[in-house]
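**Q**
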Amino acid sequence: MKYIDGFRNPLAAKKIIERIEVLANLLKASGRKVSIMEVCGTHTMAIARFGIRNILPENIDLISGPGCPVCVTEAGYIDAAINLAKAGAVIVTFGDMINVPGSDESLAQCRANGALIEVVYSPSAAIKLARQFPEKNVVFLAVGFETTTAPMPAVIQIAEGEGIRNLSLLTAFKLVPPALKALMTDPELKIDSFLCPAHVSAIIGADAYKPFTGKEGVPCVVAGFEPLDILMAIDGILNQLVRNEASVENQYNRVVKPEGNLKAQALMDEYLQPVDARWRGLGLLPLSGLGLKNEFERFDAEKKHGITVKKGKEPSGCLCGEVIKGKSKPTSCPLFARGCTPDHAVGPCMVSSEGSCAAYYKYSL
Amino acid sequence: MCLAVPMKLIEIRGDGTGVAEMDGAQSEVNLTLLEKPAKGDYVIIHAGFAIERLDEKEANARIALFQEIADNETP
Ligand code: SF4
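Going down the list, the sequences are from chains F and L. To convert, note that position 283 of the first sequence is 767 in our numbering; the numbers rise steadily by one, no gaps. To convert, note that position 3 of the second sequence is 10 in our numbering; the numbers rise steadily by one, no gaps.
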């Protein structure tokens with residue numbers, strides 16, 4: 485299967501863009517400006533990389549949403565991880581997290597001062613590290629949206645099966661639908677449509693967006709990460725807007741099913757439960773995260789170590805909170821490309837490889 | 008962090024893991040999240056876990072649709 489080439493067919497792209505222009509003109513004729521929020525950080529990156537924002541008609545605006553798990557994790561969470569590291573725990577984390585500023589320092593700075601901070605690609609590596617350091621507490625920084633959360637129950641199962649006692653999770657899992665709800669009901673934001681994430685949707689299913697559609701709702705179109713996937717999704721969105729419809733459309737049905745991955749959902753239900761969660765930019769949203777169920781609290785780093793994640797101090801001058809909500813473009817931040825670059829990042833949106841500021845910087849938008 | 012890639016399953020082990028391959032690169036993957044994984048399945052790998060199958064038929068239908076758009080359609 486010549487997988488990638490088929491999704492980057494330049495002639496097809498040209499034709500779809502022409503279709504988009506026709507639809508945009510129809511909307512323009514009735515005085516409509518359209519804001520489409522791409523919810524997922526990987527979409528933000530792909531859109532920037534393929535220059536999609538620049539080729540869209542001027543009345544069609546793509547705004548980046550909260551879908552970078554590192555960006556929505558607050559400084560206080562980093563502080564809690566740093567405190568655990570300083571108390572002697574081995575901190576296990578995905579690479580994107582280590583340069584995120586906490587209130588006073590980042591995990592990378594803490595590591596430079598001798599703390600044991602291990603960067604891993606897969607959460608299963610936490611099991612290996614727990615075996616490798618039997619006399620230490622090993623704490624996994626369990627952040628991420630549904631895609632990243634889904635593997636966690638399997639990791640806990642292994643830990644349970646092997647009787648591993650020195651592993652715990654500092655959980656800050658986030659759920660996409662409650663964030664969409666908050667964004668949709670924000671009176672200052674006018675979002676006409678959601679471009680829905682590819683792999684979060686693989687877990688939760690395209691039907692999960694139904695509550696945001698219908699009479700009071702907006703078109704929700706699930707898309708893959710290839711340029712033609714994204715263009716087709718924009719075409720689908722504009723088509724719906726022209727017809728005054730708002731339904732769920734799945735442009736990534738080679739992976740996403742209406743009901744999602746039921747096996748993954750069942751495993752998550754077994755180990756995790758919805759909890760209120762704090763988001764950078766969006767604040768405290770009820771039942772917008774997942775935490776361990778009480779019967780698994782021996783794996784819960786907060787309970788095990790008697791700590792609570794507090795609200796930290798966000799970097800001064802950084803507009804990440806506004807960028808995450810889609811209220812500010814990265815380029816409107818006075819620090820963008822001046823005081824803040826990927827090498828000297830002030831806020832997480834510039835640190836993370838999926839952050840909006842990093843995307844705008846890397847592809848000089 | 009959420010980057011996930013399609014790979015082909017080339018080996019399935021009894022312990023819920025397997026080996027997946029793409030463009031000659033192989034990696035060990037955890038298959039716990041899949042219902043009945045089979046050798047030859049295309050899967051989406053995220054953080055070392057196969058999170059869902061990639062339906063080859065749908066993928067090919069999609070590629071064919073793009074080809075059709077490229078060949079025929081005038082807006
Ligand atoms: S450019 Fe830097 S300081 Fe400004 S919002 Fe983005 S990350 Fe924050």
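Glycine residues also receive a C-beta, built at the ideal position from the N, C-alpha and C atoms.
1. DSSP three-state call for L507 of chain F: helix, strand or coil?
2. Quick one: what's F534 of chain F bridged to in DSSP?
3. Indicate whether V807 of chain F and C833 of chain F have their beta-carbon atoms separated by less than 8 Å.
4. In the DSSP output, which residue or residues are listed as bridge partners for Y39 of chain L?
5. Between which two residues does the beta strand (DSSP E) carrying P550 of chain F extend?
6. Kindly list the residues whose CB is nearer than 8 Å to the CB of F709 of chain F, restricted to its own chain and excluding five residues on each side of it in sequence; keep chain order.
7. Does chain F have any CB closer than 8 Å to the CB of M8 of chain L?
8. Roughly how many angstroms lie between the CA atoms of K794 of chain F and C552 of chain F, to the nearest whole one?
9. In angstroms, rounded to a whole number, what distance separates the CA positions of T24 of chain L and K747 of chain F?
10. If you count every other CB in all the chains shown that lies within 10 Å of the CB of P82 of chain L, and 16 or more means buried, which is it?
11. With three or more beta-carbon pairs closer than 8 Å as the criterion, would you say the segment 774-786 of chain F touches the segment 642-659 of chain F?
12. Mind checking whether L38 of chain L and I19 of chain L have CB atoms under 8 Å apart?
13. Please identify the residue among F:T557, F:Q757, F:S677, F:P607 whose C-alpha is closest to the C-alpha of N728 of chain F.
14. In chain order, what residues of the same chain lie with their CB nearer than 6 Å to the CB of P541 of chain F, ignoring the 5 residues before and after it?
15. Would you mind telling me which residues of chain F sit closer than 8 Å to Q74 of chain L, beta carbon to beta carbon, in chain order?
16. If you count every other CB in all the chains shown that lies within 10 Å of the CB of Y844 of chain F, and 16 or more means buried, which is it?
17. So with CB distances below 7 Å, who are the chain F contacts of A54 of chain L?
18. For K628 of chain F, count neighbouring Cβ atoms within 10 angstroms of its own Cβ and tell me buried if that reaches 16, exposed if not.
19. Can you pull the chain L neighbours of A686 of chain F, defined as C-beta to C-beta under 7 Å?
20. Excluding the 5 residues flanking P711 of chain F on each side, which residues of the same chain have their C-beta closer than 8 Å to its C-beta?
21. Nearest to L72 of chain L by CA position, among F:C841, F:S836, F:Q735, F:A614, is which residue?
22. Would you call E59 of chain L buried or exposed, if buried means 16 or more other Cβ atoms sit within 10 Å of its Cβ?
23. What are the start and end residues of each continuous alpha helix (DSSP H) run of 4 or more residues lying completely inside the segment 644-688 of chain F, in chain order?
24. In angstroms with no decimal places, state the Cα-to-Cα distance between R649 of chain F and L776 of chain F.
25. Any beta carbon from chain F within less than 8 Å of A66 of chain L's own beta carbon?
26. Can you list, in chain order, the stretches of the beta strand (DSSP E) that have 3 or more residues and sit fully within the segment 605-635 of chain F?
27. My output table needs one value for R69 of chain L: the three-state DSSP class, helix, strand or coil.
28. Can you check whether the C-beta of L16 of chain L is within less than 8 Å of a C-beta belonging to chain A?
29. Roughly how far, in whole angstroms, is the beta-carbon of R924 of chain F from the beta-carbon of E558 of chain F, given that I think they are within contact range, below 8 Å?
30. Quick one: what's Q33 of chain L bridged to in DSSP?
31. Would you report the Cα separation of A686 of chain F and E502 of chain F, rounded to the nearest angstrom?
32. CB of F820 of chain F to nearest heavy atom of the ligand SF4: below 7 Å?
33. Within the 8 Å Cβ cut-off, does A77 of chain L reach chain F?
34. With a threshold of 16 other CB atoms inside 10 Å of the CB of A532 of chain F, please say whether the residue is buried or exposed.
35. With respect to 7 Å, is the separation between the Cβ of C704 of chain F and the closest non-hydrogen atom of the ligand SF4 below this value?
36. Who are the neighbours of N723 of chain F on chain L, taking C-beta pairs under 9 Å?
**A** This is what the structure gives:
1. Helix, per DSSP.
2. F534 of chain F is not bridged to any residue.
3. It is a contact, given that the beta carbons lie within the stated cut-off.
4. First, the residue type needs correcting, since residue 39 of chain L is Thr and not Tyr in the sequence shown. Paired residues: none, contrary to the question.
5. Where P550 of chain F is concerned, the enclosing beta strand (DSSP E) stretches over 544-551.
6. Excluding residues within five positions, the ones whose Cβ falls inside 8 Å are T526, H527, A530, A682.
7. Its pLDDT being 49, under 50, M8 of chain L is placed unreliably by the model, and nothing is read from it.
8. Just so you know, the alpha carbons of K794 of chain F and C552 of chain F end up roughly 21 Å apart.
9. Using only the alpha carbons, I get a separation of about 16 Å.
10. For P82 of chain L, the pLDDT reaches just 47, beneath the cut-off of 50, and the residue's location in the model is therefore unreliable, although a value from the coordinates is still provided. Residue burial annotation: P82 of chain L is exposed, with fewer than 16 other C-beta atoms found within 10 angstroms of its C-beta.
11. As far as the Cβ criterion goes, the segment 774-786 of chain F touches the segment 642-659 of chain F, which means the pair count is three or higher.
12. With respect to I19 of chain L, L38 of chain L sits close: the two C-beta atoms are nearer than 8 Å.
13. In terms of CA proximity to N728 of chain F, F:S677 leads the group F:T557, F:Q757, F:S677, F:P607.
14. If we look at P541 of chain F and ignore the five residues flanking it on each side, its Cβ neighbours are E505, A508.
15. Ordered by position in chain F, the residues that pass the 8 Å Cβ test against Q74 of chain L are G490, N493, A496.
16. Around the Cβ of Y844 of chain F, a 10 Å sphere holds 16 or more other Cβ atoms; the residue is buried.
17. Within chain F, Y605, S606, P607, T632, P635 have C-beta atoms less than 7 Å from the C-beta of A54 of chain L, given in sequence order.
18. The sequence given here places Gly at residue 628 of chain F; Lys does not occur at that position. By the neighbour-count rule (16 or more Cβ atoms within 10 Å), G628 of chain F is buried.
19. The answer, in chain order, is I51, I58, E59.
20. Non-local beta-carbon contacts of P711 of chain F in its own chain, meaning distances under 8 Å to residues more than five positions away in sequence, involve F491, R492, A497, A530, F534, I536 in chain order.
21. If we check each option's Cα against that of L72 of chain L, F:Q735 comes out closest.
22. Around the beta-carbon of E59 of chain L, 16 or more other beta-carbon atoms lie within 10 Å, marking it buried.
23. Qualifying alpha helix (DSSP H) stretches, in chain order: 660-668, 682-688.
24. Note on geometry: alpha-carbon atoms of R649 of chain F and L776 of chain F lie some 16 Å from one another.
25. Interface residue, yes.
26. If we require 3 residues or more, the beta strand (DSSP E) runs fully inside the segment 605-635 of chain F come out as 622-628.
27. Collapsing the DSSP output to three states places R69 of chain L in a helix.
28. As a matter of chain content, chain A is missing from the structure shown, whose protein chains are F and L.
29. An answer regarding residue 924 of chain F cannot be provided, because it is not within the stretch 485 to 849 covered by chain F.
30. L:E28, per the DSSP bridge assignment.
31. Cα to Cα, A686 of chain F sits roughly 30 Å from E502 of chain F.
32. Yes - the ligand SF4 has a heavy atom lying nearer than 7 Å to the Cβ of F820 of chain F.
33. Chain F contact via Cβ: present.
34. So A532 of chain F counts as buried.
35. Incorrect: C704 of chain F has no Cβ contact closer than 7 Å to the ligand SF4.
36. What N723 of chain F touches in chain L: nothing, since even the nearest Cβ is about 12 Å away.
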